[in-house]
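Encoded as structure tokens, the structure appears first; notes follow it.
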Amino acid sequence: MSDEDSLSFDSTDESDGDHDSQAASMSIDGEYENEDEAPFSFAAERIEEFVASFLKQLSSGQPIKLRVADRRATSGTRTVSFPAKRATGSARQLTQLLSVLDSMHEAVVTGIPLTKRDIYYKDVALFKTQRTVDTLVDDLAATLELERADLNVRATSKGLVCGSGITIHLTSAEIIQGNDSEGALIPVGEDIETISVDENVAWVLVVEKDAVFTTLSRLLITKHPALGGRGIMITGKGYPDIATRQLVATLSASLPSKVPVLGLFDGDPYGVDILSVYKYGSKAMAHEGEKLQAERIKYLGVFGSELAKYGVDLDDLLPMTNKDEKKAQAMLQRDIPTKWKNELTRMLHLRRKAEIEILSSGEGSESPLLHRVRPPPARPHIAIHSSTYNTKSDWEDAWDSASDSDDEPPKASSSRVQPRQVPRPNSHSPPSSEGGSSSTLAFSFTHISNPSSYPPKNGWTIVKTKPKSPQLVEDSTEEVNGDADVEGDMILGDLEPDSMEPMEIIPPTPSKNKSDQGVIRDDIEDVIDDPLCGVKHRPRRKEHSPHRPNSPQSAERSEKLMRERSIRTSRRHKFVECLSNQDVNIAELRKLAWAGIPPDLRPMAWQLLLGYLPLPTPLRAATLARKRGEYSSLVKLAFARDREGLDQQIWHQIEIDVPRTRPGVRLWMYGATQRALERILYVWAIRHPASGYVQGINDLATPFFQVFLSAYVDSDPEAFDPGTLPTRALEAVEADTFWCLSRLLDGIQDNYIFAQPGIQRSVRRMAELVARIDPPLSSHLDTQNVEFMQFAFRWMNCLLMREISVQNTIRMWDTYLAEGPDAFSQFHLYVCSAFLVKWSDKLRHMDFQGIIMFLQSLPTQDWGDHEIEMLLSEAFVLNSIWHNAQSHFIAK
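Position one of the sequence shown corresponds to residue 1 (the UniProt record's numbering), numbered consecutively onward.
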């Protein structure tokens, strides 16, 4: 078959015009046909032409060759052939391509929007990974000379926006009001009608890392009085999704020039690449080009060459990995600013990289940076010191749900990252072309119509709004004043990539030596060998008697507190008595544990409930020594040849996921914790080849590690560096975590084997159960085309750990372990059902977009034991009613 006979679409339109308007009226050869034709009709025609050409080849009896655009290939195309040398592989590729085309055609014909995640879940076994679908969707869009919006295919949002100065109005008439203390999910462009920005918004900050974004938002940086006006802060959580890039590009193109758009990124190859995606676009989305480019964004990160003035030594920087080096070499081949190339070359030469946290992670009091800026005594906040900066002018695809790029780096983040100073424009900034005064930060403007193909056809409009509450600025001043001295204002020059100066920030923590004193238990050696020693001799805080009541109300309150204290003391005594028996009564322990376990008794109780520790006391010491020795042998065997002897595919994914585990929590940023977690996950993966390592398993290890670590320290384990423990204690924590994680996963391993049948079954049963217990909610979800797999997959895969805090998770697992070995698969189904029904009233008043956005960011931040116990009680009732009536499940 000649090249002329193979199927392809060669673009004849190279203009930068509006693809939306063209797509509605262009034929295959680029001629305009019908100005009134619906856009989706044209897309349907393109797909049908493609399929018709395929059918023509099929009927000819000759081998099939489909030429498809390939955005990453040098040639720009690839050929899908059938049959090929690898018949199975070629058949799968052809089936995948046709399946995606079928989904696209359905979306444009019915007019019902579709996400790439939806396509993936239509046949998980066929596609295997989300990235396969992501690549096919965008390659086919380029092949058909259409944009993804023309195909009615959306990317699932993940980016967040923070700041009360921005309001997003949706086409559904809903309003997303920015918040200064937390981020709101950025909606997809098709659902945005207008964007309103307050007049006093003075800066936009794009943050690479979610953990840094969370820290800055909690510090209310977007309304800090020292920054000259309100700000808008945005994060794409690493490589940005389409919706995030679109919002940044829109603000960059629309805001007056005196309002800087700044980017806070790491000084490593991936930080530079992410900045490049925002500023210049990505190769993966090159066919949608300039519409996603934020050309005004300026680097506000920290390059390694700029750290010497802060006393940061080369040894303080992180070593470059092989992946970092490959990424840097690839970046050097691109057309990027000379400053960036020089920094990348320096990284390769020194084999070191800098991350944002380096400016807030100085250990010890000898760091010059720590002498220059010190935290106020009340609480950490933004440094407010006068600063003058004398400066002179001078391709990854979007994220789609849980898709992870192979090129995405293992990003570290910190639980106590302090904010960089976000400066305000100086008075000599050029005046706004929109007519704003050069002497004031107030401005008004109207955004250009239809900045990209993603908003509705009438385009977005950014409208002028007055500040809603001037009092907010005054309130924030009072909140951060404390004992800090305010010394003048900050000044911003032209922050070009080749002239950026590093800024001062506040060190987040006391010196390591001081923080490590008095937190390790004195009897740690005894506890390592005998957990019962920790139960019997655990020091407890004395509870002081309440003051003499001065009123009937205080007397009643005092009596209530005493009653609760008495109940807690009584329950603890029962636990101690149960655990101290020569042969623990497991039934009695389960009964006690269902309502929660006292924190100091939890490590031993969990090990007994999981069957890791034997019930007879005399056998425990020998069992622990044997199991810990076995794990040590497994580690030595697995890592005998260092990295070269590892299964590179498994290790690669673990290496990506471990630094992203529990972002924002100090415990999981320490090297000792991360290395231990890497060993745990790798050893488990190679011992379970049916599943190997699957994303989400890293999350399941964290409660075990934190609980078992708490047995050896008298402080909050989330802020403790395990590297300061005696070696035997750290090895014990790691080994105990491995064996207990293994026992948990043994009961739910079909959640992680090929095609994840356990999760598929659980989600299906959950949908059937919700239909029985809350028919109105089930009917509404069905009407809005919301599939349970779109939100419940993560609930099953990560056991709700992404929806609630770790403390909530630990309390929930007390009950799960008390329920028995099947609780993580069976009882969890009823917990998820009760969890969904809890939000029924709100969900039944939302449309598709609102439902998905709400379920992706549930308001559980303030949940405590009471809310978890209510949820568990509701799940228990459902389990009691339905578990023994399996006929209510259609598919068993």
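In this text, a Cβ means the ideal position worked out from N, Cα and C, and glycines have one as well.
These numbers were taken from a predicted model, which means no experiment stands behind them.
{"query": "The ligand SAH heavy atom lying under 7 Å from the CB of Gly229", "result": "The ligand SAH is not part of this structure, which contains no ligands at all."}
{"query": "Secondary structure of Leu219, DSSP reduced to three states", "result": "coil"}
{"query": "Cα-Cα separation, Met347 to Met320", "result": "8 Å"}
{"query": "Distance between beta carbons of Leu264 and Leu205, contact taken as under 8 Å", "result": "6 Å"}
{"query": "Buried/exposed call for Phe720, threshold 16 Cβ in 10 Å", "result": "buried"}
{"query": "For Arg67 and Asn179, the rounded distance between their alpha carbons", "result": "48 Å"}
{"query": "Selected residue, minimal CA-CA separation from Ala107, among Ala44, Cys162, Ser60, Thr77", "result": "Ala44"}
{"query": "Contact under 8 Å by Cβ, Met766 with Tyr121", "result": "no"}
{"query": "Close beta carbons around Thr79, own chain, < 8 Å, minus the five adjacent residues each side", "result": "Ser6, Lys65, Leu66, Arg67, Val68"}
{"query": "Rounded separation between Gly820 and Thr702 - CA only", "result": "20 Å"}
{"query": "Candidates Gln96, Ile168, Lys627, Pro63, of which the one nearest Thr135 by Cα", "result": "Gln96"}
{"query": "Residue interval of the alpha helix (DSSP H) (run including Trp203)", "result": "First-last for Trp203: 201 to 207, but that is the beta strand (DSSP E), not the alpha helix (DSSP H)."}
{"query": "Assigned secondary structure, Tyr120 (DSSP; H/G/I helix, E/B strand, else coil)", "result": "helix"}
{"query": "Burial state of Glu208 (16 or more Cβ within 10 Å)", "result": "buried"}
{"query": "Beta-carbon proximity of Leu878 to Ser833, cut-off 8 Å", "result": "yes"}
{"query": "First and last residue of the uninterrupted alpha helix (DSSP H) at Tyr631", "result": "620 to 638"}
{"query": "One or two residues paired with His169 in a DSSP bridge", "result": "Ile175, Thr194"}
{"query": "Residue closest to Gly228, alpha-carbon to alpha-carbon, out of Lys237, Leu216, Tyr239, Trp203", "result": "Trp203"}
{"query": "Nearest-angstrom beta carbon gap, Pro722 and Ser673 [assumed within contact, 8 Å]", "result": "According to the sequence shown, residue 673 is Thr rather than Ser. About 5 Å separates the two Cβ atoms, so the contact holds."}
{"query": "Check whether Ala605 and Leu579 have beta carbons under 8 Å apart", "result": "yes"}
{"query": "Separation of Arg728 from Arg602, as counted between CA atoms", "result": "20 Å"}
{"query": "Sequence-distant residues of the same chain with beta carbon closer than 8 Å to His780, five excluded per side", "result": "Leu843, Arg844"}
{"query": "Per DSSP, the bridge partner or partners of Tyr299", "result": "Gly263"}
{"query": "Nearest-angstrom Cα separation, counted from Asp526 out to Asp324", "result": "44 Å"}
{"query": "Neighbourhood of Val100 by C-beta, 7 Å cutoff - its chain only, sequence neighbours within 5 removed", "result": "Ile119, Val133, Leu136, Val137, Leu140"}
{"query": "Contact check, Lys838 vs Leu871, beta carbons under 8 Å", "result": "yes"}
{"query": "Cβ pair count under 8 Å reaching 3, the region 747 to 754 against the region 813 to 832", "result": "yes"}
{"query": "Met562 burial status per 10 Å Cβ neighbour count (16 or more: buried)", "result": "exposed"}
{"query": "Distance CB(Asp241)-CB(Ser157) smaller than 8 Å", "result": "yes"}
{"query": "Contact under 8 Å by Cβ, Ala294 with Val248", "result": "yes"}
{"query": "Proximity winner among Gly864, Leu609, Pro225, relative to Phe575 (alpha-carbon distances)", "result": "Leu609"}
{"query": "Coarse secondary structure for Ala595, derived from DSSP in three states", "result": "coil"}
{"query": "Completely contained beta strand (DSSP E) runs for the region 50 to 110, where each covers 3 or more residues", "result": "64 to 69, 77 to 82"}
{"query": "Beta bridge counterpart(s) of Ala184 as assigned by DSSP", "result": "Val161"}
{"query": "Which of helix, strand or coil DSSP assigns to Gly850", "result": "helix"}
{"query": "Status (buried if at least 16 other CB within 10 Å, exposed otherwise) for Arg794", "result": "buried"}
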